[in-house]
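Here the protein sequences come in this chain order: S and C.
Using the UniProt record's numbering, the first residue of the first sequence is number 1, and each one after it goes up by one.
Using the UniProt record's numbering, the first residue of the second sequence is number 1, and each one after it goes up by one.
Below is one structure, written out as structure tokens; the observations come after it.
2 protein chains.
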Amino acid sequence: MDTKNQHFDRDLGKIMAYLEEGAYLKARDVLMNYVAADIAEMLEDILEDLGMDKAVILFRMLPKDVSVDVFSYLPGDDQADIIQAITDREISYIMKELDFDDKIDVLEELPANIVSRILEKTPRDERRLINEFLNYPEGSAGSLMTPEYIALRDDMTVADALAHIKRVGMDSETIYLCYVKHADRKLEGIVSLRTLVISDDSKLVSDLMETDYVYLNVYDDQEEVAEAFKKYGFLAIPVVDNEHRLVGIITVDDVMDVIEEETTEDIERMVGVMGDDERKKYLDLGVFRHVKNRLPWLLFMTVALMVTGSLINQFESVLSQVIVLVGYLPLLMGTGGNTGTQTATLIIRGLSLDEVDLKDIFKVLWKELRVSICLGVVLSAFNFLKIILIDQQPPLIGLTVAISMILVVMFAKLFGGTLPMAAKKIGVDPALMATPMISSVTDMVSSVIFLFTASILLGIAI
Amino acid sequence: MDTKNQHFDRDLGKIMAYLEEGAYLKARDVLMNYVAADIAEMLEDILEDLGMDKAVILFRMLPKDVSVDVFSYLPGDDQADIIQAITDREISYIMKELDFDDKIDVLEELPANIVSRILEKTPRDERRLINEFLNYPEGSAGSLMTPEYIALRDDMTVADALAHIKRVGMDSETIYLCYVKHADRKLEGIVSLRTLVISDDSKLVSDLMETDYVYLNVYDDQEEVAEAFKKYGFLAIPVVDNEHRLVGIITVDDVMDVIEEETTEDIERMVGVMGDDERKKYLDLGVFRHVKNRLPWLLFMTVALMVTGSLINQFESVLSQVIVLVGYLPLLMGTGGNTGTQTATLIIRGLSLDEVDLKDIFKVLWKELRVSICLGVVLSAFNFLKIILIDQQPPLIGLTVAISMILVVMFAKLFGGTLPMAAKKIGVDPALMATPMISSVTDMVSSVIFLFTASILLGIAI
């Protein structure tokens, strides 16, 4: 990506060097060539490498309006650090200027004593609104929305509406869709700034507004919020309460982070990592939290692996007579796990992108059956030849491995296709520990298939 | 998510019933209660369940302007199907009305003969532009952008600019940021519609425009495009050619799909599924393409598993003397794979979200070391007790498993943390087959650790 200044890393190095010399003004001058998001990124690095003090001094040297923008781009924990290092007066300024939804995000991150110190200085009306917003559950549409939107009445003309917009100003993204409300605060329709700008001044808002609009409820989960934005491609979606009163809007820029967060959660669940209520960065999460998030499913899988072990021990007579079979056990178990995981991942992704539907189960299984036969035959042939030619084992051993291999791949693919769909059917997240679950089950089944096939082909009683 | 009409599924059922009776008008009336994105979703289902003919008849009954919107929301393959089923006149209408970037997407999906039939009827200027756009590499910024943007001159006043915007109209998202160009087509600055609307009519564009803007190059990869949108949170970003001439803009709604696509690619790579040049839906991809995408890494892993098998066979004397150890082999190998995969997934995600940086490698390893000791001790104790109390094995066997377990978990976590960072360091995608690679290596190492520990503790010569 090109930004206007393509020398990001070089300039960051320069700034750090200036800061180490104490040449703050020079550092600031280089910094000021960048847009707020870039300055925030640099400050993050400075904070990490040179420590809080230098980063805060530099932050305080930014022009006031720039500093608010930069602040809104910083990650939550850095915001909290900065808030604790600057004066009350500076805090008040930043809080006053921040967009409402950013303000709520900051307050959610701060320690309670600082929050109450800030709220004390906030005008009563806004304080009530903040408290209301802080009460929406984490991850709900309510916690993502901002109450800053343009409200119009349906009897306004285009000229009235534009004059109103000019008067209230309103920041950034929130201006491009305007909301028409009844006297009872219920949402009546939506009109875009585009429509207002290209329409005749004398037209009435009621004739221009769209009444077939999409909306969200304050208690909708953020996953549904992300779905709605992906599906409709709107810049903003209004959020209403249970009485259909307009309480806020969600803008697309805030949804990009949600999409990232939801995907990350899915991926982590797939490998059996439990999420915290509030997602923290990898490095910010303490050792014991990491242990707590990872241990439960590891214990579960350990039990499954113990069962596999016991199953294998049932075939002790087979193994002790043909000890070379032990060397092929990982091959069968590993192939089962790998092929099953591939299928499960494709299906989980397909389900979450709505490419695959529950009613497609038979199509999925039919496809996986054919794919697994092709893959199984190729892998079997490969292994058979290796066992005969390189390991110099008798053909019967090769045949045992080859036949087991086809059966294992077929089982793993069909199981890997069924499990996520079954999970979805009973209302469980299909991503939930898919990888470990599949490898545990295929381990068991693969070893039984292999040793059972061996006992039959080699004529050894179990 | 609530849309205005909350009875999506019920209404879809109704529409299908009407269609089966041939009551098309009734079906259309129900359909018309929905917004374009919803109608498109219903048509997709109708196409799948009732076949092309009924879906096309219904599509043709939509009011013309609605039909274009609906068309733009349909997936590429359904668009191609519909284009082939409607008349040239209808095609011309849809093509004329589609946003330019949607038009390019449609043309990319269509068979060559239809594309040339469509291009024949396109005015020469537009045809040249279309050909130019069709030439940008798949997945480049050029292939995502639209040439439909508002161009202003810096000597315009706000009143001039607004009058110009009103005159050219311009669709949907593309209107909210206006681009100021030099006479030589080079990009000079950006001014938002918001700024124009809230500023005095007599002000000059040159005084209002932002000259510190972020831009992309036509050949930037779509991953960089997505990064830029996530980082800056803009509604649109201008795209320039190598001479810094403005050639188009990318709007945020087109980037949401890219984010999905890139994440899907990452996830699939993690489990060793190769992507096609053009991502197709799971069900649309043929059996042999599925085989082709999955086979290469499976073969690679098979070789790794063969090596593991040979390593295990080196310990034949240990295994044949204490055959019960075979039953604990899957436990050690499985635990190694599971714990290693957990760590690798967290690190890959951290890297792709920029939460973890290459220079954090020692922090990562230090954290994983502590986490792995905690997890290793808990898992070991659990296994030790189970082996003594339930399996009734001698304590030395339990100790062998317990000690190996701690070593395996430590190795797996440190390896799972190092591998993705090493991959990134040498410029390989960290997600590339992370899961299979890690389980292959930990399989080998785990079995060697286990059997080596056993041979020492149990005093058996290898």
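No residue lacks a Cβ here, since even glycine has one placed at the ideal position from N, Cα and C.
In this structure, DSSP gives Thr335(S) a helical state, which the three-state scheme calls helix. The C-alpha of Leu208(S) is placed about 48 angstroms away from the C-alpha of Thr87(S). 8 angstroms or more divides the Cβ of Leu351(C) from the Cβ of Lys231(C). Per DSSP, the unbroken alpha helix (DSSP H) holding Val287(S) starts and ends at 287-314. Scanning chain S for C-beta atoms nearer than 7 angstroms to the C-beta of Pro436(C) yields Asn338, reported in chain order. Within 8 angstroms of the CB of Met209(S), no CB atom of chain C is found; the nearest one sits about 13 angstroms away. Here Ile165(C) has Ile150, Ile175, Cys178, Leu193, Leu196 as same chain residues with Cβ atoms under 8 angstroms from its own Cβ, once five neighbours each way along the sequence are excluded. DSSP, reduced to helix, strand and coil, places Lys186(S) within a strand of the structure shown. When C-beta atoms of the segment 331-339 of chain C are compared with those of the segment 410-429 of chain C, three or more pairs fall below 8 angstroms, so the two segments count as touching. CA-CA distance, Thr435(S) to Arg349(S), rounds to 13 angstroms. With its beta carbon at least 8 angstroms from every one in chain S, Ala423(C) lies outside the interface.
Under the 10 Å beta carbon count, Pro395(S) is surrounded by fewer than 16 other beta carbons and is classified as exposed. If the five residues before and after His182(C) are omitted, its C-beta is found closer than 7 angstroms to the C-beta atoms of Glu188, all from its own chain and listed in chain order. In this structure, Lys14(S) and Val30(S) form a Cβ contact; the two beta carbons are roughly 6 angstroms apart against a cut-off of 8 angstroms. Contact of Asn242(C) with chain S by beta-carbon distance below 9 angstroms is absent, the smallest such distance being about 11 angstroms. Boundaries of the beta strand (DSSP E) around Pro238(S): 236-240. Taken in chain order, the unbroken stretches of alpha helix (DSSP H) that lie wholly in the segment 88-122 of chain C and span 4 residues or more are 88-97, 100-109, 112-120. The segment 4-90 of chain C contains, as complete alpha helix (DSSP H) runs of 4+ residues, the segments 8-21, 24-31, 36-50, 52-60, 64-73, 76-85 (chain order). Linking Asn135(S) to Leu353(S) through their CA atoms gives a straight-line distance of about 31 angstroms. Against chain S, the CB of Ala55(C) has no partner CB under 8 angstroms away; the residue lies outside that interface. Ranked by how close their Cα comes to the Cα of Ser455(S), the residues Met433(S), Thr400(S), Pro420(S) have Thr400(S) in first place. Remark: C-beta atoms of Val326(S) and Leu319(C) approach each other more closely than 8 angstroms. Counted as a single uninterrupted DSSP element, the beta strand (DSSP E) harbouring Val247(S) occupies residues 246-251. The Cβ atoms of Glu368(C) and Gly417(C) sit closer than 8 angstroms to each other. Considering only beta carbons, the part of the UniProt domain "CBS" (209-265) of chain S lying closer than 7 angstroms to chain C consists of Asp212, Tyr213, Val214, Tyr215, Leu216, Asn217, Asp220, Glu224, Glu227, Ala228, Phe229, Lys230, Lys231, Tyr232, Gly233, Leu235, Val252, Asp253, Met256, Ile259, Glu260, Thr263, Thr264, in chain order.
Rounded to whole angstroms, the gap between the alpha carbons of Ala161(C) and Glu132(C) is 29 angstroms.
Proximity of Asp65(S) to chain C, defined by a Cβ-Cβ separation below 8 angstroms, is not satisfied. Residue state for Ala151(C) is assigned as strand, using DSSP reduced to three classes. For Asp101(C) and Ile130(C), the gap between their C-alpha atoms comes out near 10 angstroms. Under the 8 angstroms Cβ criterion, the segment 212-230 of chain C counts as touching the segment 254-261 of chain C, having at least three qualifying pairs. Annotation for Val273(S): no beta strand (DSSP E) segment contains it, and DSSP assigns it neither H nor E. Taking a C-beta distance under 8 angstroms as the contact criterion, Ile267(C) and Thr345(S) qualify as a contact pair. The C-alpha of Val378(C) lies about 12 angstroms from the C-alpha of Arg294(S). Closest by C-alpha distance to Ala55(C), out of Ser310(C), Ile82(C), Asn33(C), is Ile82(C). Excluding five sequence positions before and after Lys121(C), the CB atoms of its chain that fall closer than 6 angstroms to its own CB belong to Ser92, given in chain order.
Around Thr341(S), the beta-carbon contacts reaching into chain C at under 7 angstroms are Val271, Thr435.
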